[in-house]
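Step one of this worksheet: look at the structure below.
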Amino acid sequence: MKQLSPLGAGPLSTVVVFALLALTRLPAAESKAPIPRSVSFDAAWKFFKGDADQVEKAGYPDQDWRQLDLPHDWSIEGPFSPENKTGGAGGFLPAGIGWYRKTFSLPESYAKHRVFIDLDGVMANSDVWINGTFLGHRPYGYVSFRYELTPHLLFGEKENVVAVRVDNSAQPASRWYSGAGIYRHVRLVVTDPVHLEHWGTFVTTPEVSAKKARIVVQNMVVNQSTQTRKVALQVSVLDPKGEKVSSATSETKQIPAGKSAQFKSELSAAPPHLWNPDDPALYKVVSQVVEAGRTLDEDETEVGLREYHFDPDTGFWINGKNIKLKGVCLHHDAGGFGAAVPLSAWERRLTQLKEVGCNAIRTSHNPYAPEFLDLCDRMGFLVMDEILDCWKVGKNPYDYHLYFEEWAGRDTRDTVIRDRNHPSVIIYSAGNEIHDTRKPDAAKQILGSLIQVFHETDPTRPVTQALFRPNVTHDYENGLADMLDVVGQNYREKEILAAHETKLQRKIIGTENRHELAAWLPFRDSPAYAGQFLWTGFDYLGEARTWPAISRDTGLFDRTGSPHEIAYQRKSWWGAEPMVHLTRRTGADALTPTDPGYEPYQKRVQLLFGDWSPQNPDPHEETVEVYSNCESVELSLNGQSLEAKDRPADDSPRVWIVPYAPGTLKAVGSNGGKVVATDVLETSGTAARINLSCDRKTLTDDWDEVAYVRVTIQDENGVLVPTAENEVRFELSGPGVIAAVDSGDNESHESFQAHERKAFQGRCLAIVRATSPGTLKLTASSAGLSSSSVTIEASAPGRDRHP
Ligand code: GAL
Numbered sequence: 008m009k010q011l012s013p014l015g016a017g018p019l020s021t022v023v024v025f026a027l028l029a030l031t032r033l034p035a036a037e038s039k040a041p042i043p044r045s046v047s048f049d050a051a052w053k054f055f056k057g058d059a060d061q062v063e064k065a066g067y068p069d070q071d072w073r074q075l076d077l078p079h080d081w082s083i084e085g086p087f088s089p090e091n092k093t094g095g096a097g098g099f100l101p102a103g104i105g106w107y108r109k110t111f112s113l114p115e116s117y118a119k120h121r122v123f124i125d126l127d128g129v130m131a132n133s134d135v136w137i138n139g140t141f142l143g144h145r146p147y148g149y150v151s152f153r154y155e156l157t158p159h160l161l162f163g164e165k166e167n168v169v170a171v172r173v174d175n176s177a178q179p180a181s182r183w184y185s186g187a188g189i190y191r192h193v194r195l196v197v198t199d200p201v202h203l204e205h206w207g208t209f210v211t212t213p214e215v216s217a218k219k220a221r222i223v224v225q226n227m228v229v230n231q232s233t234q235t236r237k238v239a240l241q242v243s244v245l246d247p248k249g250e251k252v253s254s255a256t257s258e259t260k261q262i263p264a265g266k267s268a269q270f271k272s273e274l275s276a277a278p279p280h281l282w283n284p285d286d287p288a289l290y291k292v293v294s295q296v297v298e299a300g301r302t303l304d305e306d307e308t309e310v311g312l313r314e315y316h317f318d319p320d321t322g323f324w325i326n327g328k329n330i331k332l333k334g335v336c337l338h339h340d341a342g343g344f345g346a347a348v349p350l351s352a353w354e355r356r357l358t359q360l361k362e363v364g365c366n367a368i369r370t371s372h373n374p375y376a377p378e379f380l381d382l383c384d385r386m387g388f389l390v391m392d393e394i395l396d397c398w399k400v401g402k403n404p405y406d407y408h409l410y411f412e413e414w415a416g417r418d419t420r421d422t423v424i425r426d427r428n429h430p431s432v433i434i435y436s437a438g439n440e441i442h443d444t445r446k447p448d449a450a451k452q453i454l455g456s457l458i459q460v461f462h463e464t465d466p467t468r469p470v471t472q473a474l475f476r477p478n479v480t481h482d483y484e485n486g487l488a489d490m491l492d493v494v495g496q497n498y499r500e501k502e503i504l505a506a507h508e509t510k511l512q513r514k515i516i517g518t519e520n521r522h523e524l525a526a527w528l529p530f531r532d533s534p535a536y537a538g539q540f541l542w543t544g545f546d547y548l549g550e551a552r553t554w555p556a557i558s559r560d561t562g563l564f565d566r567t568g569s570p571h572e573i574a575y576q577r578k579s580w581w582g583a584e585p586m587v588h589l590t591r592r593t594g595a596d597a598l599t600p601t602d603p604g605y606e607p608y609q610k611r612v613q614l615l616f617g618d619w620s621p622q623n624p625d626p627h628e629e630t631v632e633v634y635s636n637c638e639s640v641e642l643s644l645n646g647q648s649l650e651a652k653d654r655p656a657d658d659s660p661r662v663w664i665v666p667y668a669p670g671t672l673k674a675v676g677s678n679g680g681k682v683v684a685t686d687v688l689e690t691s692g693t694a695a696r697i698n699l700s701c702d703r704k705t706l707t708d709d710w711d712e713v714a715y716v717r718v719t720i721q722d723e724n725g726v727l728v729p730t731a732e733n734e735v736r737f738e739l740s741g742p743g744v745i746a747a748v749d750s751g752d753n754e755s756h757e758s759f760q761a762h763e764r765k766a767f768q769g770r771c772l773a774i775v776r777a778t779s780p781g782t783l784k785l786t787a788s789s790a791g792l793s794s795s796s797v798t799i800e801a802s803a804p805g806r807d808r809h810p
């Protein structure tokens with residue numbers, strides 16, 4: 008939910024405010040501008056890695072601490088060490104305790120308002136104080152939460168201090184890299200004493216057809232003033248072009264001091280512009296709390312109008328169309344950023360996923376940043392919103408099982424209230440591979456109470472669970488699976504299909520699946536199987552198990568966004584556009600498709616190479632695999648045809664055994680005799696130059712906007728040199744920073760916060776952020792190679808994109 012609007016004109020907002028709340032130690036000047044309802048509170052925090060007494064006290068001397076802007080993940084700053092207690096699970100990155108403090112002033116006029124701090128995610132076990140007064144504790148690092156500051160604030164010239172202690176020192180606490188610190192955005196929210204509650208607007212669309220959508224808006228209003236107040240709700244709906252298409256004014260209600268009241272308004276759009284993955288049209292619901300003609304508070308909620316359901320025989324339907332969920336699982340880190348991920352990094356990643364035909368995301372195995380879901384709304388992704396990786400039975404000594412009893416209900420409710428307006432969210436998952444199911448009676452009790460929370464908080468969405476070896480724990484016989492609205496199972500596709508065959512009314516979905524053909528065919532061929540979520544879309548930090556590996560390379564794409572070869576195979580299955588892609592295979596897959604994650608660690612041996620530069624230059628045979636959805640593919644080497652092959656009915660790759668000779672390998676795909684796609688590989692010479700490509704020409708100075716500058720080391724003809732490991736040095740001039748560097752190398756322990764990086768398989772990258780308007784120039788150089796530069800124009804403003 009966005010809360011963008013300033014407080015309306017009226018007695019409380021006539022004397023108002025200096026808007027730059029986010030800056031520290033500024034005298035609180037008065038101005039006539041309206042008070043912004045929500046401002047970024049990310050800038051100018053003080054940070055100290057370690058613990059000390061009295062840090063929460065307002066007067067604590069923090070002048071020597073490091074100053075930084077949020078979001079901030081200090082774990083990603085390293086260093087990597089096999090001694091770090093997070094172990095391979097945490098990517099061998101450090102854990103511990105850290106403190107953040109922010110000093111700020113507020114004008115006197117704020118004294119008449121209610122002031123809140125919203126934290127989107129703090130990893131982990133956060134404690135928050137204002138001016139020395141304790142506000143609260145949240146153990147789960149993935150939930151968003153709010154505290155009210157009002158009674159403890161000082162106004163005018165006086166300074167206030169928010170202090171936040173984060174503690175993830177007890178390790179291992181996670182099976183993957185979690186990060187550490189205030190790694191998501193923070194906002195200051197200022198309202199009238201009579202205001203919409205936090206996450207207090209709930210929009211549902213009980214009837215949606217091509218002709219008409221009924222839109223029901225429920226608003227919870229709280230009266231924090233000292234008198235009974237008489238208010239009504241004015242609600243309007245704006246279509247994707249911004250035109251008002253419907254409005255309603257509720258009855259007036261009296262709300263006694265200290266109480267809340269629920270309002271309900273009926274609106275419509277006729278005909279509606281429906282939301283669907285190919286055309287994610289967004290409407291806006293504007294809710295205003297009005298008293299005697301004066302607007303006291305207002306929020307905006309983006310919504311999508313769509314009807315969807317799961318069907319036991321035919322899977323997933325949206326707006327009358329039967330589609331499959333072509334999904335991937337993600338973890339919340341993005342390589343060198345760690346857990347503090349700029350939104351444009353996600354935008355880039357989701358764009359790449361779209362390009363291979365993906366339409367769905369599983370937020371494995373925890374709630375994501377709220378703006379991630381906004382992005383999915385805008386880009387048309389369907390989201391499985393997962394809450395937990397364990398219940399009462401832990402998978403690590405210090406994971407969520409320690410908090411489940413006390414916090415699971417609250418964390419689930421808070422997440423659902425936060426997320427329930429997103430059109431992208433189509434299903435909740437109560438947990439991943441939950442080990443409690445070994446004791447079915449206890450597990451069913453827990454699942455029952457979680458499902459109750461989901462359904463009471465959001466009656467419109469189904470709930471699933473990523474079942475873990477259900478045939479071992481008899482989930483299909485003991486009733487547990489049938490408590491779920493949609494039965495989800497990780498891997499073992501034959502088992503879930505058999506479970507459906509046994510009980511045809513079961514709706515089924517693959518919650519986690521491997522990339523291989525054996526997992527693809529049941530998806531392709533079983534109409535009941537609503538979808539699959541591949542493990543994973545991108546390589547992720549942690550779950551590495553054995554030093555020197557620091558990340559898990561199960562992605563379609565690596566940490567930097569370079570596609571692994573299997574991404575092309577996936578595109579040939581998922582994608583609609585004709586495509587062809589050449590790959591060299593150097594051996595047979597060694598892993599058996601049983602239960603990934605529960606096998607002993609096996610060092611991954613790379614078997615697929617997207618080059619025609621094998622290490623052995625002597626005459627030998629190469630296995631060439633071609634991924635293509637074309638009817639026919641013809642292969643040729645140095646202009647000599649090596650015959651054409653038709654598309655196999657089982658979607659397996661087309662394979663040629665090719666006597667190696669350096670030169671040009673070419674695959675040409677045709678449909679109906681017409682050439683529709685080609686791919687070419689050329690043998691490389693020695694490394695001669697650096698080639699740079701940048702994904703954007705402009706940036707704003709918003710923290711959430713970054714530019715990816717990719718290095719490829721090429722020979723003098725511009726062919727990538729896949730063996731190149733040159734150290735590349737980056738120099739940035741102009742108003743910006745190199746936010747991270749990376750190469751995707753799973754075994755590199757170089758720092759991500761550096762200005763140099765060794766190339767891995769001929770590639771590396773630098774990610775650049777602007778800090779103010781101006782021209783940024785990034786130069787990449789390396790001994791013995793000709794260097795290269797790119798320029799990016801940075802403009803203002805970007806600052807308050809995420810209030
Ligand atoms: C799954 C698990 C994932 C991840 C994966 C590794 O069983 O749900 O979180 O651990 O294995 O292959």
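Whatever position you read off the sequence shown (first residue = 1), add 7 for my numbering.
Here a beta-carbon is modelled for each residue, glycine too, at the ideal position from N, C-alpha and C.
Meets three-Cβ-pair contact criterion under 8 angstroms: the segment 204 to 215 and the segment 302 to 318
They touch, by the three-pair rule.
State yes or no: is the beta carbon of residue 270 nearer than 8 angstroms to at least one beta carbon in chain D?
As a matter of chain content, chain D is missing from the structure shown, which is built from one protein chain.
Please determine, among 618, 684, 334, 456, the residue with the shortest C-alpha to C-alpha distance to residue 593.
618
Taking residue 418 as part of the alpha helix (DSSP H), name the residues at either end of that continuous run.
Per DSSP, residue 418 belongs to the alpha helix (DSSP H) from 411 to 426.
Distance cut-off 7 angstroms: residue 821 Cβ against heavy atoms of the ligand GAL:
No information on residue 821 is available, as it lies outside the stretch 8 to 810 that the chain covers here.
Around the C-beta of residue 750, are 16 or more other C-beta atoms found within 10 angstroms, so that it is buried, or is it exposed?
buried
Quick check: does the Cβ of residue 520 come within less than 7 angstroms of any heavy atom belonging to the ligand GAL?
no
The ligand ZN and residue 93: does any heavy atom of the ligand fall closer than 7 angstroms to the residue's C-beta?
The ligand ZN is not among the ligands present in this structure, which contains only the ligand GAL.
Identify, in the order they occur along the chain, each residue of the same chain with its Cβ nearer than 6 angstroms to the Cβ of residue 331, setting aside the five sequence neighbours on each side.
538
Contained alpha helix (DSSP H) runs [length at least 4] in the segment 193 to 243, N- to C-terminal order:
none
What does residue 328 pair with, by DSSP beta-bridge criteria?
325
Go ahead and label residue 734 buried or exposed: buried means 16 or more other beta carbons lie within 10 angstroms of its beta carbon, across all protein chains shown.
exposed
Taking residue 455 as part of the alpha helix (DSSP H), name the residues at either end of that continuous run.
447 to 464
Does the distance from the C-beta atom of residue 741 to that of residue 782 stay below 8 angstroms?
yes
What does the alpha-carbon distance come out to for the pair residue 63 and residue 187?
19 angstroms
Answer yes or no: do residue 133 and residue 193 have a C-beta to C-beta separation smaller than 8 angstroms?
no
Return yes when at least one heavy atom of the ligand GAL lies under 7 angstroms from the C-beta of residue 444, else no.
no
Alpha carbon to alpha carbon, how far is residue 696 from residue 723? Give it in angstroms, no decimals.
Looking at the two C-alpha atoms, the distance is approximately 7 angstroms.
Three-state secondary structure (DSSP) at residue 106?
In this structure, residue 106 counts as strand in the three-state DSSP scheme.
Can you tell me which residues form a DSSP beta bridge with residue 850?
Past the edges of the chain, shown from 8 to 810, lies residue 850, and the structure says nothing about it.
So is the beta-carbon of residue 527 under 7 angstroms away from any non-hydrogen atom of the ligand GAL?
no
Name the residue from 237, 234, 254 whose alpha carbon lies nearest to the alpha carbon of residue 243.
254
Should residue 97 be labelled buried (16 or more other beta-carbon atoms within 10 Å of its own) or exposed?
buried
If we call anything under 8 angstroms between Cβ atoms a contact, is residue 263 one with residue 232?
no
Heavy atom of the ligand GAL less than 7 angstroms from the Cβ of residue 542, yes or no?
yes
On the three-state DSSP scale, how would you describe residue 680?
coil
Is the beta carbon of residue 717 within less than 7 angstroms of some heavy atom of the ligand GAL?
No, the beta carbon of residue 717 sits no closer than 7 angstroms to any heavy atom of the ligand GAL.
Below 6 angstroms CB to CB, which residues in the same chain sit around residue 616 once its five sequence neighbours on both sides are set aside?
591
Tell me, please, whether the segment 761 to 775 touches the segment 573 to 580 by the rule of three or more beta-carbon pairs shorter than 8 angstroms.
Contact fails: fewer than three Cβ-Cβ distances are below 8 angstroms.
Quick check: what's the CA-CA separation for residue 170 versus residue 190?
15 angstroms
Residues that residue 154 bridges to, as DSSP identifies them
124
What does the Cβ neighbour count give for residue 595, buried or exposed, with the cut at 16 atoms within 10 Å?
By the neighbour-count criterion, in which 16 or more other beta carbons inside 10 Å mark a residue as buried, residue 595 falls on the exposed side.
Can you find a heavy atom of the ligand GAL that lies under 7 angstroms from the Cβ of residue 497?
yes
Exposure of residue 641, with buried meaning 16 or more beta-carbon neighbours within 10 Å:
Residue 641 should be labelled buried.
Where residue 411 and residue 40 are concerned, what is the direct C-alpha to C-alpha distance, given to the nearest angstrom?
45 angstroms
Expressed to the nearest angstrom, what Euclidean distance is found between the alpha-carbon atoms of residue 705 and residue 382?
20 angstroms
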